[in-house]
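Positions in the sequence shown are counted from 1; adding 243 to them yields this note's numbering. Ideal placement from N, C-alpha and C gives every residue a C-beta, glycine not left out.
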Amino acid sequence: MRVGFGYDIHPLGMGRKLILGGVEIPHTQGLEGHSDADALVHAVCDALLGAMGEGDMGSLYPSSDPRFKNISSLSLLEDIARLLEKKGFRLVNLDTVLIAQAPRLGPHIASMQTRLAEVLKVSRADVNVKVKSGEGLDAIGKEQAIAAHAVCLIESVEKS
244 MRVGFGYDIH PLGMGRKLIL GGVEIPHTQG LEGHSDADAL VHAVCDALLG AMGEGDMGSL
304 YPSSDPRFKN ISSLSLLEDI ARLLEKKGFR LVNLDTVLIA QAPRLGPHIA SMQTRLAEVL
364 KVSRADVNVK VKSGEGLDAI GKEQAIAAHA VCLIESVEKS
């Protein structure tokens, strides 16, 4: 068994859709970034890559590469899920925390869990998404950014 941890933060800005966990969330601002800037999926990707000993998203999908401009982060997660399988691992469980002052994310938790579970080919019960506020502190609390943490447990798949 191996454990991986991931973290990501993106600033909020006008003129972008807010996408978290592969789900479009109604809001006046979206996350800025080279891809769709889905901070939750990015944290999950880094957790999985870390558990496999495969570095991080920046090394596999550099922001300097135009192929990844505005790409759906879920497509990158699908790629990492294929790598997980190719390397002989399976996801045991995933636990995440989204930190945002606004918008309220609680109503979207189930949709995010379902979407992540679909892409990772696991039961929704194996994917947990929690939400916290920034308590008015730092860039998150001032509604300037959204951050995400993710931890995963993977295990080797027994070959018969």
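Please classify residue i as buried or exposed, where buried requires at least 16 neighbouring CB atoms within 10 angstroms.
{"i": "M232", "result": "In the structure as shown, the chain starts at 244 and stops at 403, and residue 232 therefore has no counterpart that could be examined."}
{"i": "G349", "result": "exposed"}
{"i": "M300", "result": "buried"}
{"i": "V372", "result": "buried"}
{"i": "G293", "result": "buried"}
{"i": "A290", "result": "buried"}
{"i": "D281", "result": "buried"}
{"i": "G247", "result": "buried"}
{"i": "L320", "result": "buried"}
Give me whichever residues DSSP pairs with residue i in a beta bridge.
{"i": "D338", "result": "N371, V394"}
{"i": "G256", "result": "G273"}
{"i": "F311", "result": "According to DSSP, F311 bridges with nothing at all."}
{"i": "A388", "result": "P254"}
{"i": "E267", "result": "I262"}
{"i": "L358", "result": "Note that residue 358 is Arg in the sequence shown here, rather than Leu. In the DSSP output, where bridge partners are listed per residue, R358 has none listed."}
{"i": "G247", "result": "C395"}
Give every residue of the same chain whose Cβ lies closer than 8 Å to the Cβ of residue i, excluding the five residues on either side of it in the sequence, and list them in chain order.
{"i": "D191", "result": "Residue 191 falls outside the range modelled here, since the chain spans only 244 to 403, and no answer is possible."}
Return the first residue and the last residue of the beta strand (DSSP E) that residue i is part of.
{"i": "E328", "result": "Counting along the chain, E328 falls outside any beta strand (DSSP E), though it belongs to the alpha helix (DSSP H) covering 316-329."}
{"i": "L348", "result": "Careful: L348 lies outside any beta strand (DSSP E) and carries neither H nor E."}
What are the start and end residues of the alpha helix (DSSP H) that includes residue i?
{"i": "M295", "result": "282-295"}
{"i": "L380", "result": "From DSSP, L380 is part of no alpha helix (DSSP H); its letter is neither H nor E."}
{"i": "S302", "result": "300-303"}
Excluding sequence positions up to five away, which residues of its chain have a Cβ less than 6 Å from the Cβ of residue i?
{"i": "S376", "result": "Q344"}
Excluding five sequence neighbours on each side, which residues of the same chain lie with their C-beta closer than 7 Å to the C-beta of residue i?
{"i": "S399", "result": "G331, F332"}
Three-pair Cβ contact test at 8 Å for the stretch 331-339 versus the stretch 385-402: yes
Three CB pairs or more closer than 8 Å across the stretch 245-257 and the stretch 353-363: no
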